[in-house]
Amino acid sequence: MSEAPVAPPTASADPAAAISLLLKAPEPRAGWRLLPARVIAMCAVELQKLRHDRTELYTRAVQPALWLLIFGQTFTRIRAIPTGGIPYIDYMAPGIIAQSAMFIAIFYGIQIIWERDAGILNKLLVTPTPRSALITGKAFAAGIKSLVQAIVVVVIAALLGVALTWNPLKLLGVAAVVVLGSAFFSCLSMTIAGIVLSRDRLMGFGQAITMPLFFGSNALYPVSVMPGWLQAVSKANPLSYEVDALRGLLLGTHAHVALDFGVLAVAAALGIAAASSLLGRLAR
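Residues 6 to 289, numbered by the numbering used here, are exactly what the sequence shown covers, in order.
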């Protein structure tokens, strides 16, 4: 009888290969590989919160609806603010979208202080995840949350007769602008949280800066009608660039969209760096 064929040896049967696997430690995952996973995980958590509790979404829609319904329609009749020939409520709608997104993001630092008090932040910091990945994940989670709010405001504006574009590419641009702007403002909030270390102090700082950021931008009126010192403030205010981009994309008005995207991207990157550097101080 002929002998049965002998199966070729597998790689795991090689003693030298097995020893090398035992002696060689696995390579740690690099930070850049952890970053996308952390961002996606944080965004998924925020979406799950909205899915299980939509109360915040409904209550936050009241204020922008009142701005558009009362302030917008009243000043449309008065015609006291130059808007380049478009109805004032149309001119105002992108500013209210940016405002509602900012108001969500600017208090995002409260969540990270709550996570510190609950012991969650210390557990996150002992994982291999880089601090910049944690901050970036939280920042873009705030962007996703603000984007949901922006969609609600767009629907309200459309119901009130605001002439918005429905071009899919421009709407994608709108989504990117809202996410970048919210990422910066959430990082600003987390940076302040790393300085003041208290929810009560953060609430005070948040309330102190939201109105100056809003009224010191082009959300309600063009830069040309501002006094000189306020024009300088508006040019240094990231919210002005967010509103300018939203206005150009949604209404088709003249805007410096490329410059707006660049400023928002740089502002978000600087905000992530600042918040990451203070994360350790917050966890002490």
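Every residue, glycine too, gets a C-beta built ideally from N, C-alpha and C.
Assumed close pair residue i, residue j - CB separation to whole angstroms, cut-off 8 Å
| i | j | result |
| --- | --- | --- |
| I140 | A280 | 5 Å |
| I291 | A146 | No answer is possible for residue 291: the residues shown for the chain start at 6 and end at 289. |
| P243 | V262 | Contact doesn't hold; Cβ gap of about 15 Å is too wide. |
| L73 | L165 | 6 Å |
| G340 | A46 | This structure does not reach residue 340, given that the chain is present from 6 up to 289, and the question cannot be answered. |
Whole-angstrom distance between residue j and residue i, CA atom to CA atom
| i | j | result |
| --- | --- | --- |
| I149 | C48 | 7 Å |
| S239 | S245 | 6 Å |
| D95 | A224 | 11 Å |
| R43 | T132 | 12 Å |
| P99 | L251 | 6 Å |
| L176 | M231 | 29 Å |
| F219 | A288 | 31 Å |
| L254 | T170 | 8 Å |
Reference residue i; option with closest CA among the options
| i | options | result |
| --- | --- | --- |
| S282 | L73, R136 and I91 | R136 |
| I4 | G199, A263 and N223 | What the structure shows of the chain is the stretch from 6 to 289, and residue 4 is not part of that stretch, so it cannot be assessed. |
| I102 | V179, A274 and R204 | V179 |
| Q154 | Y63, L287, A241 and T88 | Y63 |
| H259 | I86, G90, R82 and Q104 | G90 |
| Q104 | L129, G285, V158 and D265 | V158 |
| M107 | L174, N172 and F189 | F189 |
| Q212 | L202, Y226, S194 and S229 | S194 |
| L185 | V248, Q68 and E120 | V248 |
| A272 | F112, A241 and L256 | A241 |
| Y113 | P217, G77 and M208 | M208 |
Any C-beta of chain C under 9 Å from that of residue i
| i | result |
| --- | --- |
| R206 | Among the chains in the structure shown there is no chain C, since it carries only a single protein chain. |
Contact set for residue i: own chain, Cβ-Cβ below 6 Å, skip 5 residues either direction
| i | result |
| --- | --- |
| C192 | A144, G276, I277 and A280 |
| R204 | I115 and I118 |
| P92 | T81 |
| F210 | I197 |
| L284 | R136 |
| T88 | Y96 |
| S187 | A106, A110, A147, G148 and S151 |
| A168 | D95 |
Host alpha helix (DSSP H) of residue i (start-end)
| i | result |
| --- | --- |
| N127 | I125 to L130 |
| T88 | Segment: none, T88 is in no alpha helix (DSSP H) and carries neither H nor E. |
| I117 | G114 to D122 |
| G373 | Since the first and last residues shown for the chain are 6 and 289, residue 373 lies out of range. |
| G253 | P243 to L256 |
| M216 | R204 to F220 |
| A66 | A66 -> no alpha helix (DSSP H), and no H or E assigned at all. |
Close beta carbons around residue i, own chain, < 8 Å, minus the five adjacent residues each side
| i | result |
| --- | --- |
| L235 | G221 |
Neighbourhood of residue i by C-beta, 7 Å cutoff - its chain only, sequence neighbours within 5 removed
| i | result |
| --- | --- |
| Y226 | I86 |
| I24 | Caution applies to I24, whose pLDDT of 46 falls short of 50 and renders its modelled position unreliable; the model cannot decide the point. |
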